[in-house]
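A.B. asks: I have a structure here, written as structure tokens, and I will follow up with some questions on it.
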């Protein structure tokens, strides 16, 4: 299970202005804001964005300036793979260490969408035992041994929410490295990438024969 909420894409205007700096071609910029406050790339700017994207990382520095922020809820086993991407990423997570005991531990706190019926029964019984430890921890003076049992017994399918910030360059790397991954969570993440503004042109770099002069 993976859920992405509250997505914001920022700094597109400044990124495209910077893309025109090497040739002092700001006068050819034809982008503007729509009535909803979204920055819409005009034909000239979109053509330039696509050509620089395809030219390679040395030429597409502007994509590092397009920032994305969102809330991601995903199991710990997915976060361990996501943490491979350390360049130009920032994350603030909910705290398992400090808050695991603050609410009842329930089945839906975990990713279980691919469990077989037999595994599902085992998982429910296991979580019920962990919840008994949590209750004992809360009722009997917050014994540190019980706290350690909680921390060390929580499965990697436990869902954690993080607010993350990254940029389009990082998303390019993630998309092409993970789009065919065996974990369904990565497919969900890549589908979210595909939904971002100008993802086809700037991240995925789909070919388009009709490109005006930039």
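In the numbering used here, the protein residues as written are 65 to 278. Glycine included, every Cβ here is placed at the ideal spot set by N, Cα and C.
1. Measure the alpha-carbon distance for residue 228 versus residue 254 and round it to whole angstroms.
2. Using a Cβ distance threshold of 8 Å, determine whether the stretch 119–136 contacts the stretch 199–209, with at least three qualifying pairs required.
3. Taking 6 Å as the limit between beta carbons, can you name the residues of its chain near residue 133, skipping five residues before and five after?
4. Pull up the distance between the alpha-carbon of residue 258 and that of residue 268, whole angstroms please.
5. Taking 6 Å as the limit between beta carbons, can you name the residues of its chain near residue 97, skipping five residues before and five after?
6. Tell me the start and end of each unbroken beta strand (DSSP E) in the stretch 144–232 that is at least 3 residues and wholly inside, in chain order.
7. Using CA atoms only, rank isn't needed, just tell me which of 142, 242, 204 and 136 is closest to residue 219.
8. Can you tell me whether residue 172 is buried or exposed, with buried defined as 16 or more other CB within 10 angstroms of its CB?
9. Does residue 77 come out as helix, strand or coil in the three-state DSSP assignment?
10. Output the residue ranges of the beta strand (DSSP E) runs that lie fully inside the stretch 88–141 and measure 3 residues or longer, sorted by chain position.
11. Among the candidates 225, 209 and 148, whose CA atom is the shortest distance from the CA of residue 175?
12. Just mark residue 154 as buried or exposed, buried being the case when its beta carbon has 16 or more other beta carbons within 10 Å.
13. Is residue 84 helix, strand or coil when you go by DSSP?
14. Considering residue 265, what are the terminal residues of the alpha helix (DSSP H) in which it resides?
15. Could you check whether residue 183 and residue 233 sit closer than 8 Å to each other, using their CB atoms as the reference points?
16. Over what stretch of residues does the alpha helix (DSSP H) that includes residue 251 continue unbroken?
17. Mark residue 186 as exposed unless 16 or more other C-beta atoms lie within 10 angstroms of its C-beta, in which case mark it buried.
18. Where does residue 70 sit, in a helix, a strand or coil, going by DSSP?
19. In three-state terms, what does DSSP make of residue 241?
20. Give me the residue from 86, 91, 95 and 85 with the minimum Cα distance to residue 76.
C.D. replies: Taking the structure as given:
1. So the alpha carbons of these two residues sit roughly 15 Å apart.
2. The stretch 119–136, when compared against the stretch 199–209, does not touch it at the 8 Å Cβ threshold.
3. Setting aside the 5 residues that flank it on each side, residue 133 is surrounded in the same chain by 72 and 229, each with a C-beta closer than 6 Å to its C-beta; the list follows chain order.
4. Roughly 8 Å between the two C-alpha positions.
5. Once the five neighbours on either side are set aside, the close Cβ partners of residue 97 are 103.
6. Assignment of beta strand (DSSP E) within the stretch 144–232, counting only whole runs of 3 or more residues, yields 154–157 and 223–231 in chain order.
7. If we check each option's Cα against that of residue 219, 142 comes out closest.
8. Exposed is the call here.
9. Correct three-state label for residue 77: helix.
10. Within the stretch 88–141, the complete beta strand (DSSP E) runs of at least 3 residues are 131–139.
11. The residue with the shortest Cα to Cα distance from residue 175 is 225.
12. For residue 154, the number of other beta carbons within 10 angstroms of its own is below 16, and it is reported as exposed.
13. Coil, per DSSP.
14. Run containing residue 265: none; DSSP gives neither H nor E here.
15. In this structure, residue 183 does not lie closer than 8 Å to residue 233 by Cβ.
16. Per DSSP, residue 251 belongs to the alpha helix (DSSP H) from 248–258.
17. In this structure residue 186 is exposed. Its beta-carbon is surrounded by fewer than 16 other beta-carbon atoms within 10 angstroms.
18. DSSP places residue 70 in the strand class (E or B) of the three-state scheme.
19. Note: residue 241 maps to helix in three-state DSSP.
20. Among 86, 91, 95 and 85, the Cα nearest to that of residue 76 is on 95.
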